[in-house]
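**Q** Residues 386 to 557, numbered by this note's numbering, are exactly what the sequence shown covers, in order.
Got a structure for you, written out below as structure tokens; questions coming shortly.
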Amino acid sequence: QRLKVIFNELNHPFRVVPPPEDLMKRLRVALMSERSGDLKEDGEKLLGKLRKAMVSEDSDEIEAQMKKCEDLAKDEAFLNKPSNWDAMQKEAKELLETLARRRSKQADFNKALSALRDTLEGGRASEMELRHEWERVQAWEMPIPDLLRKQVEETLDAKREARMRRTKLIAY
Numbered sequence: 386q387r388l389k390v391i392f393n394e395l396n397h398p399f400r401v402v403p404p405p406e407d408l409m410k411r412l413r414v415a416l417m418s419e420r421s422g423d424l425k426e427d428g429e430k431l432l433g434k435l436r437k438a439m440v441s442e443d444s445d446e447i448e449a450q451m452k453k454c455e456d457l458a459k460d461e462a463f464l465n466k467p468s469n470w471d472a473m474q475k476e477a478k479e480l481l482e483t484l485a486r487r488r489s490k491q492a493d494f495n496k497a498l499s500a501l502r503d504t505l506e507g508g509r510a511s512e513m514e515l516r517h518e519w520e521r522v523q524a525w526e527m528p529i530p531d532l533l534r535k536q537v538e539e540t541l542d543a544k545r546e547a548r549m550r551r552t553k554l555i556a557y
């Protein structure tokens, strides 16, 4: 604290004679090393918050903590990084990419579900069209709502039975 007061007094704009550069350099180094310890603690706290956000897979919070980490890393006094600083940053970026891919996949799956529902609700789709939409949704290998599954299976069974009856009628 006292070093900071001395540094500020020596750099005061009303000072007529500039302070010796060697003295100012030593003061800067001393002040930075003092701040460096505080910033390392801040970095460790940030990593704890980042780890917590990663465990909960909260992409918004991960991005917010990553931004804080970037800002902290820009500080010239941030000399002593926590030991796992770079590894956690890399892991967080990879997790963000994974979460983005997962969100994208979920959005595409939801579109496929909507197309299937539209086909089902339209009622005019052929058995082949409905089967095609059903197989597209199943190809995602994601959980399909039970009600929708039941509706599709019942509709496909009804369409197959109608086709079989038509085939028998034509055969006679």
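Don't be surprised by glycine CBs; every beta carbon is placed ideally from N, CA and C.
The model shown is predicted, which means the values in this text are computed figures rather than measured ones.
1. Just checking, does the region 453-473 make contact with the region 498-518 on the three C-beta pairs under 8 Å criterion?
2. Report the residue from ASP542, ARG534, ALA485 and ASP423 whose alpha carbon sits nearest the alpha carbon of SER511.
3. Put LEU464 into one of helix, strand or coil per three-state DSSP.
4. At the level of alpha carbons, what is the spacing between GLU426 and ILE447?
5. Any idea if GLN491 is buried or exposed, counting beta-carbon neighbours within 10 angstroms, 16 or more meaning buried?
6. To test your reading of the DSSP string, which unbroken alpha helix (DSSP H) runs of 4 or more residues are found completely within the region 462-508?
7. Once the 5 residues before and after LEU480 are set aside, which same chain residues still bring their CB inside 6 Å of it?
8. Which of helix, strand or coil does DSSP assign to MET527?
9. I'd like the list of long-range same chain contacts for GLY428, defined as Cβ closer than 8 Å, with 5 residues on each side in sequence excluded.
10. Is the CB-CB distance between ILE391 and LEU412 below 8 Å?
11. Using only the alpha-carbon positions, how far apart do HIS397 and LYS410 sit?
12. Under the three-state reduction of DSSP, which class applies to ALA449: helix, strand or coil?
13. Enumerate in chain order the residues of its own chain whose CB-to-CB distance from LYS434 is below 7 Å, with the five nearest sequence positions on each side excluded.
14. Assuming ASP427 is part of the alpha helix (DSSP H), what are its boundary residues?
15. Within 10 Å of its beta-carbon, does GLU518 have 16 or more other beta-carbons around it, so buried, or fewer, so exposed?
**A** A quick look at the data gives this:
1. no
2. As a working note, residue 511 is residue 126 in the sequence shown. The candidate whose alpha carbon is nearest that of SER511 is ASP542.
3. Within the sequence shown, the letter at position 79 stands for residue 464. Of the three classes helix, strand and coil, the one that applies to LEU464 here is coil, per DSSP.
4. In the sequence shown, the residue the question calls residue 426 occupies position 41. In the sequence shown, the residue the question calls residue 447 occupies position 62. One C-alpha to the other measures close to 19 Å.
5. Here residue 491 corresponds to residue number 106 of the sequence shown, with the count starting at 1. The residue in question, GLN491, is exposed, as its Cβ has fewer than 16 Cβ neighbours within 10 Å.
6. 470-507
7. Stepping through the sequence shown from its first residue, residue 480 is reached at position 95. Cβ within range, chain order: MET439.
8. On the sequence shown, residue 527 is found 142 positions in, with the first residue counted as 1. Looking at MET527 - three-state DSSP - the assignment turns out to be coil, as it is neither helix nor strand.
9. To locate residue 428, count along the sequence shown from 1; it is residue 43. CYS454, LEU457, PHE463, LYS466, PRO467 and TRP470, listed in sequence order.
10. Counted from its first residue, the sequence shown places residue 391 at position 6. Counted from its first residue, the sequence shown places residue 412 at position 27. Going by C-beta atoms, ILE391 is nearer than 8 Å to LEU412.
11. Counting from one through the sequence shown, the residue named residue 397 turns up at place 12. Counting from one through the sequence shown, the residue named residue 410 turns up at place 25. When rounded, the distance between both Cα atoms is 16 Å.
12. As a first step, residue 449 must be located in the sequence shown, where it is residue number 64. If DSSP states are grouped into helix, strand and coil, ALA449 belongs with the helices.
13. Residue 434 sits at position 49 when you count from the first residue of the sequence shown. Only GLN450 meet the Cβ criterion.
14. Walking along the sequence shown from the start, residue 427 turns up at place 42. It spans 406-440 - the alpha helix (DSSP H) in which ASP427 sits, taken as one unbroken run.
15. On the sequence shown, residue 518 is found 133 positions in, with the first residue counted as 1. Looking at its Cβ environment, which holds 16 or more other Cβ atoms inside 10 Å, GLU518 is buried.
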